[in-house]
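Take a look at the structure below.
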Amino acid sequence: MSGLIDTTEMYLRTILELEEEGVVPMRARIAERLDQSGPTVSQTVARMERDGLVAVASDRHLELTDEGRRLATRVMRKHRLAECLLVDVIGLEWEQVHAEACRWEHVMSEAVERRVLELLRHPTESPYGNPIPGLEELGERTEAESFLDESMVSLADLDAGDDGKTVIVRRIGEPIQTDAQLMYTLRRAGVQPGSVVSVTESPGVSWWAAAARPPSWTRRSRRTSSSPSAEAPPGSPSLRRRAAP
Numbered sequence: 001m002s003g004l005i006d007t008t009e010m011y012l013r014t015i016l017e018l019e020e021e022g023v024v025p026m027r028a029r030i031a032e033r034l035d036q037s038g039p040t041v042s043q044t045v046a047r048m049e050r051d052g053l054v055a056v057a058s059d060r061h062l063e064l065t066d067e068g069r070r071l072a073t074r075v076m077r078k079h080r081l082a083e084c085l086l087v088d089v090i091g092l093e094w095e096q097v098h099a100e101a102c103r104w105e106h107v108m109s110e111a112v113e114r115r116v117l118e119l120l121r122h123p124t125e126s127p128y129g130n131p132i133p134g135l136e137e138l139g140e141r142t143e144a145e146s147f148l149d150e151s152m153v154s155l156a157d158l159d160a161g162d163d164g165k166t167v168i169v170r171r172i173g174e175p176i177q178t179d180a181q182l183m184y185t186l187r188r189a190g191v192q193p194g195s196v197v198s199v200t201e202s203p204g205v206s207w208w209a210a211a212a213r214p215p216s217w218t219r220r221s222r223r224t225s226s227s228p229s230a231e232a233p234p235g236s237p238s239l240r241r242r243a244a245p
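The numbers in UniProt numbering rise by one with no breaks, and the one at position 110 of the sequence shown is 110.
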């Protein structure tokens, strides 16, 4: 039964994650994100639909029901609070944090969540800059924050006219966190939320970054309900991306 619950929670979090990123939740997207077969995803979604957690719209995209959204928000909150604890207290390397938090999200009790909030001075963002949802359910006085706003753009959405532009890294999305090698590269390069980077086209190169200063990856300054966003660090790392085809 535990494995079944874990799978359901994993699917719920993935659907919420896709919504955050502005991606229409489809079974195919879940299969890609979780590296599972189409039939496996279809069977799991059908079970979740019978359980009243998701609804399949006429265009086949998935919609969380009220109960599904409530549970998805809880799982995402536990996941991101676990990330905070793993980075700020345990000091786990960035490239290992996401996978470990995926385990903790299924076993963390509400009592532990409340203790983590107190211990870490009420964070509202994960170490990757992603908002922690559903904090009001734990009695936190915080306004809900949108994952994306008009001031933010994905690196993948920049065009040739943005070559050489200096930007501030705000968030590192969940799909990137699943790539341990890429996260290791980012950690070594000093690319973290708050870093100032210069975007540069580099034909034939996926993208890479080089930091102007050695970063501090634990006990980092992060937005809390009682403190403002950390200022961008000095220096300007160079962030390269794949040239448009």
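Glycine included, every Cβ here is placed at the ideal spot set by N, Cα and C.
Give the straight-line distance between the Cα atoms of residue i and residue j, rounded to the nearest whole angstrom.
i, j, result
"G38", "V56", "15 Å"
"A180", "T65", "33 Å"
"K78", "G134", "10 Å"
"V153", "W104", "30 Å"
"E140", "L120", "13 Å"
"L53", "G68", "4 Å"
"R47", "T7", "11 Å"
"R170", "I5", "32 Å"
"D51", "R60", "18 Å"
"E49", "S58", "14 Å"
"S198", "A111", "43 Å"
"S206", "L155", "For S206, the pLDDT reaches just 39, beneath the cut-off of 50, and the residue's location in the model is therefore unreliable, leaving the point undetermined."
"V167", "L182", "20 Å"
"G190", "V196", "10 Å"
Here's a check: name, in chain order, each residue in its chain whose Cβ is nearer than 6 Å to the Cβ of residue i, leaving out the five neighbours to either side.
i, result
"A31", "G38, V41"
"V116", "L81, L85"
On the DSSP letters alone, give me the boundaries of the beta strand (DSSP E) that residue i sits inside.
i, result
"E21", "Segment: none, E21 is in no beta strand (DSSP E) and carries neither H nor E."
"T166", "166-168"
"E63", "62-64"
Whose C-alpha, out of the options, is nearest the C-alpha of residue i?
i, options, result
"E118", "H61, L81, P131", "L81"
"H98", "Y184, V196, Q177, P193", "Q177"
"G164", "L155, T200, Q36", "T200"
"T185", "L18, E95, A111, L71", "E95"
"E20", "R187, R115, P175", "P175"
"G129", "I15, E83, L71, R33", "E83"
"V87", "V196, L182, S126, P131", "S126"
"E63", "I90, D35, M26, R33", "M26"
"G22", "G190, D157, S195, G194", "D157"
"P131", "P193, L71, V107, I90", "P193"
"A72", "G190, V196, L18", "L18"
Any heavy atom of the ligand FAD closer than 7 Å to the CB of residue i?
i, result
"R170", "The ligand content of the structure shown is nil, which means the ligand FAD is not present either."
What residue range does the alpha helix (DSSP H) around residue i cover?
i, result
"E32", "27-34"
"V112", "110-119"
"P175", "174-177"
"M183", "180-189"
Leaving out five residues on either side along the sequence, give the residues of the same chain with a beta carbon under 7 Å from the beta carbon of residue i.
i, result
"T44", "T7, Y11"
"M76", "R13, L16, P133"
"V24", "H61"
Leaving out five residues on either side along the sequence, give the residues of the same chain with a beta carbon under 8 Å from the beta carbon of residue i.
i, result
"residue 263", "There is simply no residue 263 to check, as the chain begins at 1 and stops at 245 in what is shown."
"E100", "A82, L86, L92"
"E113", "R77, K78, L81, L138"
"R219", "With a pLDDT of 35 at R219, under the threshold of 50, the modelled position of that residue is not reliable, and no figure is offered here."
At 4 residues or longer, what runs of the alpha helix (DSSP H) sit wholly inside the stretch 41-115?
Correct list: 66-85, 94-104.
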